[in-house]
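K.L.:
In my numbering, the protein residues as written are 2 to 647.
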């Protein structure tokens, strides 16, 4: 048996086998592999395995899913998986002889993910290739990831190459019958990634011609933003509804998904304010006005990936997905109360596909009573027959999921068996490296490499990660800041600062976190961010002997630890935050209505910025009070928000 015999089967690691069969069947096969006698050989391209009393055959030219076994199973059985495991073990030494020169061997071979155009055409057929070519020529941006398995994330689907270079083992999560056109788009994305960044672990590529941006669509949104800045959110009347409608229709017709979403969110924020809704936040309006301006500027970029990422051109609004296995990483609860005292709970549940990067977000909202907290909310029905608590701490298998462009998730009811929810044990150690970073330094490097938030794709949970915990240190609580802090020593090396702020909707989460952190936690999930050279995590769930969803957990008997020592404030960050608050306040009241008190306060902040060496930023802030123009405000706000994110 040579090293080239059935390389496709030998390349199937346990993760790939789990995608072809199921994680449970792979675990069972791995256990039985140690006990079952397995002999394998390759004859004329066919794998023949004797596993205990059963005979497994994978015919020449057939993939593993075409395996037959004398056990009589109709689907892929554990004996076939054991045969593949035995083949891997038997050929490992022959494939990597001690005296081989890996560098010279690699130089002599084509790239592992290279697929010949002829092979692609034969695999897909003429009709599918034509449809794929039309989609490519319309233009799109894809993300090629080479770590944690080879995958390509397209706007409408994700394609995984379980055996790089072998189309028979490519799997797409769309609902179309395979092979689908996404396979061709993914293959072309691999070719482009090899051309521009052959060694990068992750790279964005643009296919097709650059999009022709409808300038009028962005101009309408920009004009609306400037009018709001001059008049102020406080003075915006119902007559703006028509202007928002025109802007949204223009953006939708132009296919500019991310500016459209920002415009719609801005409209909701203003409507909430005028309805005196409790969710209105002055800072949110300022951020959205700045974002619309920044995305308009990015539309003029000569970099296709930056332009596409900022605009979301041709991002499908919604995509139907094939059967998915999703694992929950916890939930976030936010409580909103209007001026009449009526409250509602807004909940986000975060899911991941264990073998893929990125998270999905399922949103739910309910009216709640004044005394209803997370533990009571956990008993609400999130799906038919499934409580929120079970969903937020469980795992889901579904055949009727739909994914929105922002990775929002819609799940169908479970009554017909289309969606099932079962408990999980929090075995997060095998998650994709895009979710479970190989090191703290790698996570920081990834965050540094991302485009600024103002122009990157509007993905809901793009910062959600999982940290494997070795030890918890310095657990403290600051009652003035209402913030729990802990230093986590990560299994991968380095430290992560956990910070949990008590706020409406998660009043008991700090107590639940203290209890979980004192019980030798194995993993923590949450949204990460850079804080200087440190990594900070706002937790969603903590895995001990179970998955503890903090916002839904009873407080228990845990007492909050001793008060934390005051953290010295960074004078530059403090001045920038004060400048941002001043600009948000100006946007709220309107540049035409700036008071002398506002100009004096902004001038004092500008003096602080200048004393700290930020002379250009100080000049931008002063220009807002002097010119009282939308252009001056947008330039200052963009600069200050970018500086805070740097």
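Glycine included, each C-beta is placed from N, C-alpha and C at the ideal position.
Excluding the five sequence neighbours on either side, which residues of its own chain have a C-beta within less than 6 Å of the C-beta of residue 149, listed in chain order?
P.N.:
Translated into positions along the chain shown, residue 149 becomes position 148. The residues are 433 and 434.
K.L.:
Are at least three pairs of beta-carbons, each pair with one atom in the region 475-492 and one in the region 366-377, less than 8 Å apart?
P.N.:
No: fewer than three Cβ pairs fall under 8 Å.
K.L.:
So what's residue 522 in DSSP terms, helix, strand or just coil?
P.N.:
Translated into positions along the chain shown, residue 522 becomes position 521. It is coil, neither helix nor strand.
K.L.:
Enumerated in chain order, which unbroken segments of the beta strand (DSSP E) with a length of 3 residues or greater are wholly contained in the region 161-185?
P.N.:
List check, beta strand (DSSP E) in window: 171-173.
K.L.:
Under 8 Å, do residue 643 and residue 453 count as touching if we go by C-beta distance?
P.N.:
Here residue 643 refers to the residue found at position 642 of the chain shown. Here residue 453 refers to the residue found at position 452 of the chain shown. Yes; because the gap between Cβ atoms is below 8 Å, this pair is in contact.
K.L.:
Identify the residues that DSSP records as bridge partners of residue 70: which are they?
P.N.:
Here residue 70 refers to the residue found at position 69 of the chain shown. Partner(s): 57.
K.L.:
Can you give the Cα-Cα distance for residue 398 and residue 135, rounded to whole angstroms?
P.N.:
Taking the first residue of the chain shown as position 1, residue 398 is located at position 397. Taking the first residue of the chain shown as position 1, residue 135 is located at position 134. Spanning the two alpha carbons is a distance of roughly 33 Å.
K.L.:
Leaving out the 5 sequence neighbours to the left and right, which residues in its chain are closer than 8 Å to residue 460 when beta-carbon positions are compared?
P.N.:
Start at 1 with the first residue of the chain shown, and residue 460 comes out as number 459. 359, 407 and 408, listed in sequence order.
K.L.:
By a C-beta neighbour count over all protein chains shown, 10 Å radius and 16 as the cutoff for buried, is residue 512 buried or exposed?
P.N.:
Taking the first residue of the chain shown as position 1, residue 512 is located at position 511. Residue 512 is buried by the Cβ-count criterion.
K.L.:
Buried or exposed, going by whether 16 or more other CB atoms sit within 10 Å of the CB of residue 382?
P.N.:
By one-based count along the chain shown, residue 382 stands at place 381. Residue 382 should be labelled exposed.
K.L.:
Measure how close the beta-carbons of residue 245 and residue 225 come, nearest whole angstrom, since I'm counting them as under 8 Å.
P.N.:
By 1-based counting over the chain shown, the position of residue 245 is 244. By 1-based counting over the chain shown, the position of residue 225 is 224. 7 Å between Cβ atoms; contact.
K.L.:
Going by beta-carbon coordinates alone, are residue 543 and residue 570 separated by less than 8 Å?
P.N.:
Taking the chain shown and counting its residues from 1, one reaches residue 543 at position 542. Taking the chain shown and counting its residues from 1, one reaches residue 570 at position 569. Result no, Cβ atoms of residue 543 and residue 570 do not sit closer than 8 Å.
K.L.:
Name the residue from 609, 560 and 557 whose alpha carbon lies nearest to the alpha carbon of residue 579.
P.N.:
Here residue 579 is taken as the residue at index 578 of the chain shown, counted from 1. Of the listed residues, the one whose Cα sits closest to residue 579 is 609.
K.L.:
One question on the structure: do residue 464 and residue 534 come within less than 8 Å of each other, judged by their Cβ atoms?
P.N.:
Stepping through the chain shown from its first residue, residue 464 is reached at position 463. Stepping through the chain shown from its first residue, residue 534 is reached at position 533. Going by C-beta atoms, residue 464 is not nearer than 8 Å to residue 534.
K.L.:
Within 8 Å, do at least three Cβ pairs link the region 174-190 to the region 234-245?
P.N.:
The region 234-245 vs the region 174-190: no contact.
K.L.:
Please report how far the alpha carbon of residue 523 lies from the alpha carbon of residue 621, in whole angstroms.
P.N.:
Position 522 of the chain shown, counting from 1, holds the residue named residue 523. Position 620 of the chain shown, counting from 1, holds the residue named residue 621. The straight-line gap from Cα to Cα measures roughly 47 Å.
K.L.:
Would you decide whether residue 55 is buried or exposed? Buried here means 16 or more other CB atoms lie within 10 Å of its CB.
P.N.:
Start at 1 with the first residue of the chain shown, and residue 55 comes out as number 54. Buried, because 16 or more other Cβ atoms sit within 10 Å of the Cβ of residue 55.
K.L.:
Could you check whether the region 73-89 touches the region 28-37, counting it as contact only if at least three pairs of C-beta atoms, one from each stretch, sit closer than 8 Å?
P.N.:
Yes, the region 73-89 is in contact with the region 28-37.
K.L.:
Tell me the residue span of the alpha helix (DSSP H) that contains residue 118.
P.N.:
Along the chain shown, read from residue 1 onward, the residue named residue 118 stands at position 117. Element bounds for residue 118: 118-125.
K.L.:
Would the region 350-359 and the region 142-162 be scored as touching if the rule is three or more Cβ pairs under 8 Å?
P.N.:
A contact exists between the region 350-359 and the region 142-162.
K.L.:
At the level of alpha carbons, what is the spacing between residue 349 and residue 503?
P.N.:
Counted from its first residue, the chain shown places residue 349 at position 348. Counted from its first residue, the chain shown places residue 503 at position 502. Between residue 349 and residue 503, the C-alpha separation is close to 17 Å.
K.L.:
In this structure, how does DSSP classify residue 643 when only helix, strand and coil are distinguished?
P.N.:
Residue numbering aside, residue 643 sits at position 642 when the chain shown is read from its first letter. Residue 643: helix per DSSP, three-state reduction.
K.L.:
For residue 64, list the residues DSSP reports as bridge partners.
P.N.:
Residue 64 sits at position 63 when you count from the first residue of the chain shown. Paired residues: none, contrary to the question.
K.L.:
Looking at chain D, is there any beta carbon in it that lies within less than 8 Å of the beta carbon of residue 120?
P.N.:
This model lacks chain D altogether; it includes just one protein chain.
K.L.:
Using only the alpha-carbon positions, how far apart do residue 617 and residue 499 sit?
P.N.:
Reading the chain shown from its first residue, position 616 is the one you call residue 617. Reading the chain shown from its first residue, position 498 is the one you call residue 499. So the two alpha carbons sit approximately 34 Å from each other.
K.L.:
Distance check for residue 208 and residue 191, CA to CA, integer angstroms please.
P.N.:
For the purposes of this step, residue 191 is taken as the residue at position 190 of the chain shown. For the purposes of this step, residue 208 is taken as the residue at position 207 of the chain shown. About 11 Å.
K.L.:
My output table needs one value for residue 535: the three-state DSSP class, helix, strand or coil.
P.N.:
Indexing the chain shown from 1 puts residue 535 at position 534. In the structure shown, residue 535 sits in a strand (DSSP, three-state: E or B).
K.L.:
I'd like to know whether the C-beta atoms of residue 352 and residue 387 end up nearer to each other than 8 Å.
P.N.:
Position 351 of the chain shown holds residue 352. Position 386 of the chain shown holds residue 387. No; because the gap between Cβ atoms is not below 8 Å, this pair is not in contact.
K.L.:
Please classify residue 108: does DSSP put it in a helix, a strand, or coil?
P.N.:
Locating residue 108 in the chain shown gives position 107, where the first residue counts as 1. For residue 108, the pLDDT reaches just 34, beneath the cut-off of 50, and the residue's location in the model is therefore unreliable, leaving the point undetermined.
K.L.:
Could you tell me the alpha carbon to alpha carbon distance between residue 291 and residue 458, rounded to whole angstroms?
P.N.:
Here residue 291 refers to the residue found at position 290 when the chain shown is read from its first residue. Here residue 458 refers to the residue found at position 457 when the chain shown is read from its first residue. Taking the straight line joining both Cα atoms gives about 15 Å.
K.L.:
Where does residue 626 sit, in a helix, a strand or coil, going by DSSP?
P.N.:
The sequence position of residue 626 within the chain shown is 625, counting from 1. Residue 626 falls in the helix class under three-state DSSP.
K.L.:
Taking the alpha-carbon positions, what's the residue 39 to residue 51 distance?
P.N.:
By 1-based counting over the chain shown, the position of residue 39 is 38. By 1-based counting over the chain shown, the position of residue 51 is 50. Their Cα atoms are separated by approximately 6 Å.
K.L.:
Between the alpha carbons of residue 273 and residue 286, how many angstroms are there, rounded?
P.N.:
Within the chain shown, the letter at position 272 stands for residue 273. Within the chain shown, the letter at position 285 stands for residue 286. Looking at the two C-alpha atoms, the distance is approximately 11 Å.
K.L.:
Ordered along the chain, which non-local residues of its own chain (more than five positions away) have a Cβ less than 7 Å from that of residue 248?
P.N.:
In the chain shown, counting from the first residue as 1, residue 248 sits at position 247. If we look at residue 248 and ignore the five residues flanking it on each side, its Cβ neighbours are 221, 222, 225 and 264.
K.L.:
Leaving aside the five residues before and after residue 268 along the sequence, list all residues of the same chain whose C-beta is less than 7 Å from its C-beta, in chain order.
P.N.:
Along the chain shown, one-based indexing puts residue 268 at 267. For residue 268, where only same-chain residues beyond five positions count, the Cβ hits under 7 Å are 245.
K.L.:
Which runs of the beta strand (DSSP E) at least 3 residues long sit entirely within the region 355-390? Give them in chain order.
P.N.:
Segments of the beta strand (DSSP E) lying fully in the region 355-390: 360-369 and 382-384.
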